[in-house]
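Protein chains in written order, with UniProt numbering: chain A, 1 to 341; chain B, 1 to 341.
Each residue gets a CB set at the ideal place from its N, CA and C atoms; glycine is no exception.
Please read these numbers as outputs of a predicted model, since none were measured by experiment.
Number of protein chains: 2
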Amino acid sequence: MSEILLCSQSYKNNLDIISTHIGSKEKLGVVLKDNAYGHGIEEIAKLASTYGIKSVFVKNELEAKKIAHLFEHITILYGSLSSNAKNFHLTIHTDTQLDNLPQNSLIELKINIGMNRNGINPENIESVLQKIMQKKIHLFGVFAHNGYGDDIGEDFENCQKIFEEIKEKIKYFAQKMGFQTPRFHSLNSSGTFRSQNIQDDLVRVGLASYGYLTTDFKIPIAKKLKPVASLYADKICTHFLKKGTKIGYSGVTQLQEDSFVSTYDIGYGDGLFRFNGNQEAFFTADGYLLLPRSSMDCFSALSTKDRICVFNDATILAKIFNTIPYEILTNLSSFIKRTIV
Amino acid sequence: MSEILLCSQSYKNNLDIISTHIGSKEKLGVVLKDNAYGHGIEEIAKLASTYGIKSVFVKNELEAKKIAHLFEHITILYGSLSSNAKNFHLTIHTDTQLDNLPQNSLIELKINIGMNRNGINPENIESVLQKIMQKKIHLFGVFAHNGYGDDIGEDFENCQKIFEEIKEKIKYFAQKMGFQTPRFHSLNSSGTFRSQNIQDDLVRVGLASYGYLTTDFKIPIAKKLKPVASLYADKICTHFLKKGTKIGYSGVTQLQEDSFVSTYDIGYGDGLFRFNGNQEAFFTADGYLLLPRSSMDCFSALSTKDRICVFNDATILAKIFNTIPYEILTNLSSFIKRTIV
Chain A
1 MSEILLCSQS YKNNLDIIST HIGSKEKLGV VLKDNAYGHG IEEIAKLAST YGIKSVFVKN
61 ELEAKKIAHL FEHITILYGS LSSNAKNFHL TIHTDTQLDN LPQNSLIELK INIGMNRNGI
121 NPENIESVLQ KIMQKKIHLF GVFAHNGYGD DIGEDFENCQ KIFEEIKEKI KYFAQKMGFQ
181 TPRFHSLNSS GTFRSQNIQD DLVRVGLASY GYLTTDFKIP IAKKLKPVAS LYADKICTHF
241 LKKGTKIGYS GVTQLQEDSF VSTYDIGYGD GLFRFNGNQE AFFTADGYLL LPRSSMDCFS
301 ALSTKDRICV FNDATILAKI FNTIPYEILT NLSSFIKRTI V
Chain B
1 MSEILLCSQS YKNNLDIIST HIGSKEKLGV VLKDNAYGHG IEEIAKLAST YGIKSVFVKN
61 ELEAKKIAHL FEHITILYGS LSSNAKNFHL TIHTDTQLDN LPQNSLIELK INIGMNRNGI
121 NPENIESVLQ KIMQKKIHLF GVFAHNGYGD DIGEDFENCQ KIFEEIKEKI KYFAQKMGFQ
181 TPRFHSLNSS GTFRSQNIQD DLVRVGLASY GYLTTDFKIP IAKKLKPVAS LYADKICTHF
241 LKKGTKIGYS GVTQLQEDSF VSTYDIGYGD GLFRFNGNQE AFFTADGYLL LPRSSMDCFS
301 ALSTKDRICV FNDATILAKI FNTIPYEILT NLSSFIKRTI V
């Protein structure tokens, strides 16, 4: 059966590179949301915990519960909380979310610094802080997401300046209103790598920890990142087929010479994007040509090997399917077996 | 939190249409593989069982175990078996698979009738049957998959003729070798709908049961099929934004007028294909314009509604993303809540 192998050495290598860049292991928070970007949240959490990571970020409470025993601080980015676990910090995007929170809830406040997507607008911070105080809620962190980390231009720095102003504002209010200064974080993978002097208490690294960076410009140390996941498929059967034979749905592939053709047990139903014959040629990581159209549960390839490595670098598939490595990875079905190697 | 609503009336409507067309409820087998084409295998299995379905088809043993208590016959299309449950029938694609099977195993034999993907080649049937007899394995079924169901032209009929010849051959060997004639099936959704006189013991319907058909030609009764799944997203927050404001990663959207913009809690990490700004405009089922780029966990839309219906017909998204409804559906993350309505 198909399997995703997770290379523990590569994951460690990536965390080492990031820790060295930011100058500290303690300031490194990792993003485990969306099933650890498709890698498998329980497996990656285990590796992150072994490495010594204390702060992680997950999509919702369902994910948090799976790894609750492993980290000091688990920030839940979306949804609400039914549990009052002491290491769960709910993200607040809007003041109305505070209405139903019990006293002593632990929250992190998301601030909109220019992506205009989620979070509190800077001009509303004072009133939100007052509400937090009134409701005796504990403000554990304040953070933002810079949507321009990958891009050349001034937008990235402009957004960071807004966050710096917010930090000063909140420190001022902390003193004035009498609450503990929260932790601050704003940098994702590209933001972390492009910043030489990190003033935040924490960085929040997802993509780079899995071995990728998608900046429009070159960052030399990023070359040392190693993809963590490799997708393997096992052979279902092999046929020897004559030149001219049609293969797959609607007979889209027609063989140009006599060939051994095998099917392998991964298809678009497993989250491997569907090859319909209109994309450029795709060769598996070990060099076998995939023959469109792929099916829901399998694909055909010019190979007789029992097990093949479909990919060990998601950027190749991302290019073929005109998307980003994130989508190739998060798409991998949670039902595929994950194995740490 | 996001949710997939499964309309039990639509599912029943679709099974009624198919049963009426084939003239029998008993001959209707349904395909539940790949998490019931992304709908949720446990939920759809419940509906299928209530309807009276006896035979179903799943991807692997993991799926079979989830619904083992509900059906008389569960055919496992790929992989191997660790359990010897009496209602599990393992699909055999190659004679070497028989080597490790224990006596009295229940199998279905997959025959390659021209798709040249999976299954035994017709010329090898006799030797495979002999091996089955020697090993005292029970041949419960023989089936094929016609890869030309959607297409105009003679390929579909030519493949069906091959299957008819195979049926005759196997009936002859059953008498000669002294085993019970197995059940025969070869038609998927499009094959079933385009056939007026079904000679098989069973049809194997997936896509149509979920409300879709993708034939290149019109089949009048197919118009009565109703999509079963609707995807809903809940609001995270709303911002009032001025004309010219940039939204999302790299500020790809720039507002053409002052607008209320909300984010909703579904992204490509949930299996909703990623809008990057290069596709044609997408309006949610209730008419709200989605603003690229979508994120891993959310998208922005010109709406203030608390909950919106992202889609209730996967063909619209399939067109935008140049794929088939199957891929849109199977892509939906298993972590999204499913609710039968």
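When the distance is taken between beta carbons, is residue j closer than 7 Å to residue i?
{"i": "Tyr326/B", "j": "Ser303/B", "result": "no"}
{"i": "Pro111/A", "j": "Ile166/A", "result": "Note that residue 111/A is Ile in the sequence shown, not Pro. It is a contact, given that the beta carbons lie within the stated cut-off."}
{"i": "Ile74/B", "j": "Ile92/B", "result": "no"}
{"i": "Ala36/B", "j": "Ile67/B", "result": "no"}
{"i": "Asp150/B", "j": "Ser190/B", "result": "yes"}
{"i": "Asp56/A", "j": "Gly206/A", "result": "Sequence inspection shows Val at residue 56/A; the Asp mentioned does not correspond to that position. The answer is no: Cβ separation not under 7 Å."}
{"i": "Ser259/B", "j": "Cys309/B", "result": "no"}
{"i": "Met296/A", "j": "Gly267/A", "result": "yes"}
{"i": "Asn118/B", "j": "Ile236/A", "result": "yes"}
{"i": "Asn116/A", "j": "Leu241/B", "result": "yes"}
{"i": "Thr50/A", "j": "Gly269/B", "result": "no"}
So, is residue i buried or exposed, given that buried needs 16 or more other C-beta atoms within 10 angstroms?
{"i": "Ala281/B", "result": "exposed"}
{"i": "Glu168/B", "result": "exposed"}
{"i": "Pro292/A", "result": "buried"}
{"i": "Ser2/B", "result": "buried"}
{"i": "Ile221/A", "result": "exposed"}
{"i": "His239/B", "result": "buried"}
{"i": "Val341/A", "result": "exposed"}
{"i": "Asn158/A", "result": "exposed"}
{"i": "Thr323/A", "result": "buried"}
{"i": "Pro102/B", "result": "exposed"}
{"i": "His69/B", "result": "exposed"}
With distance defined between alpha-carbon atoms, name the residue in the options nearest to residue i.
{"i": "Asp16/B", "options": "Ser2/B, Asn35/B, Gly52/B and Leu6/B", "result": "Gly52/B"}
{"i": "Leu5/A", "options": "Ile324/A, Ala85/A, Phe311/A and Asn158/A", "result": "Phe311/A"}
{"i": "Ser10/B", "options": "Phe179/B, Leu225/B and Glu257/B", "result": "Leu225/B"}
{"i": "Leu81/A", "options": "Lys65/A, Gln160/A and Asp297/A", "result": "Lys65/A"}
{"i": "Ala208/B", "options": "Phe140/B, Ile219/B and Asp201/B", "result": "Ile219/B"}
{"i": "Leu332/B", "options": "Ile18/B, Lys25/B, Lys33/B and Gly38/B", "result": "Gly38/B"}
{"i": "His138/A", "options": "Lys161/A, Arg183/A and Val261/A", "result": "Arg183/A"}
{"i": "Leu62/B", "options": "Cys237/B, Phe71/B, Thr50/B and Tyr78/B", "result": "Tyr78/B"}
{"i": "Phe283/A", "options": "Asp313/A, Gln256/A, Leu255/A and Asp265/A", "result": "Asp313/A"}
{"i": "Thr253/B", "options": "Val128/A, Gly147/A and Gly40/A", "result": "Gly147/A"}
{"i": "Gly271/A", "options": "Cys298/A, Asp201/A, Gln256/A and Gly248/A", "result": "Cys298/A"}
{"i": "Ile328/A", "options": "Phe71/A, Phe335/A and Lys319/A", "result": "Lys319/A"}
{"i": "Ala285/B", "options": "Ser49/B, Lys136/B, Thr330/B and Leu317/B", "result": "Leu317/B"}
{"i": "Glu26/B", "options": "Ala301/B, Asn60/B and His185/B", "result": "His185/B"}
{"i": "Ile162/A", "options": "Lys136/A, Ile113/A, Gly244/A and Lys135/A", "result": "Ile113/A"}
{"i": "Met133/A", "options": "Leu28/A, Glu257/A, Leu47/A and Asp99/A", "result": "Asp99/A"}
{"i": "Glu72/A", "options": "Gly29/A, Gly40/A, Ser83/A and Asp234/A", "result": "Gly29/A"}
Taking residue i as the query, report the chain E residues whose CB atoms sit under 9 Å from its CB, ordered along the chain.
{"i": "Phe335/A", "result": "No chain E appears in the structure shown, which is made up of the protein chains A and B."}
When the Cα atoms are used, what is the spatial distance from residue i to residue j?
{"i": "Phe156/A", "j": "Lys246/B", "result": "13 Å"}
{"i": "Arg204/B", "j": "Ile22/B", "result": "11 Å"}
{"i": "Lys131/A", "j": "Tyr172/A", "result": "16 Å"}
{"i": "Ile76/B", "j": "Ala85/B", "result": "12 Å"}
{"i": "Asp95/A", "j": "Ile120/A", "result": "8 Å"}
{"i": "Ala174/A", "j": "Phe143/A", "result": "15 Å"}
{"i": "Lys176/A", "j": "Asp306/B", "result": "36 Å"}
{"i": "Thr315/B", "j": "Gly211/B", "result": "10 Å"}
{"i": "Tyr232/B", "j": "Asp265/B", "result": "9 Å"}
{"i": "Gln160/A", "j": "Gly153/A", "result": "13 Å"}
{"i": "Ser8/A", "j": "Leu129/B", "result": "46 Å"}
{"i": "Asn60/A", "j": "Val261/A", "result": "43 Å"}
{"i": "Ser294/A", "j": "Arg274/A", "result": "6 Å"}
{"i": "Ile18/B", "j": "Lys54/B", "result": "15 Å"}
{"i": "Leu90/B", "j": "Ile170/B", "result": "19 Å"}
For residue i, return the contacting residues in chain B, with the cut-off set at a CB-CB distance below 7 Å.
{"i": "Thr330/A", "result": "Tyr268, Gly269 and Met296"}
{"i": "Arg274/A", "result": "Thr323 and Glu327"}
Output, in chain order, the set of chain A residues within a Cβ distance shorter than 9 Å of residue i.
{"i": "Val261/B", "result": "Asn116 and Arg117"}
{"i": "Ser189/B", "result": "In chain order: nothing, as chain A lies at least about 13 Å away."}
{"i": "Asn112/B", "result": "Cys237 and His239"}
For a contact meaning CB atoms closer than 8 Å, what does residue i contact in chain B?
{"i": "Thr94/A", "result": "Ile236, Cys237 and Thr238"}
{"i": "Asp99/A", "result": "Those do not exist, as Asp99/A stays about 14 Å from chain B at its closest Cβ, beyond 8 Å."}
Which residues in chain A sit within 8 Å of residue i, going by Cβ to Cβ distance?
{"i": "Ile247/B", "result": "Met115, Asn116 and Arg117"}
{"i": "Asp265/B", "result": "Tyr78 and Gly79"}
Which chain A residues sit within Cβ distance under 7 Å of residue i?
{"i": "Ser300/B", "result": "Arg117"}
{"i": "Gly23/B", "result": "The contacting residues do not exist; Gly23/B stays about 28 Å from chain A at best."}
Given that residue i touches chain B, what residues does it touch there, using C-beta distances under 9 Å?
{"i": "Asp151/A", "result": "Tyr249, Ser250 and Gly251"}
{"i": "Asp155/A", "result": "Lys246, Ser250 and Gly251"}
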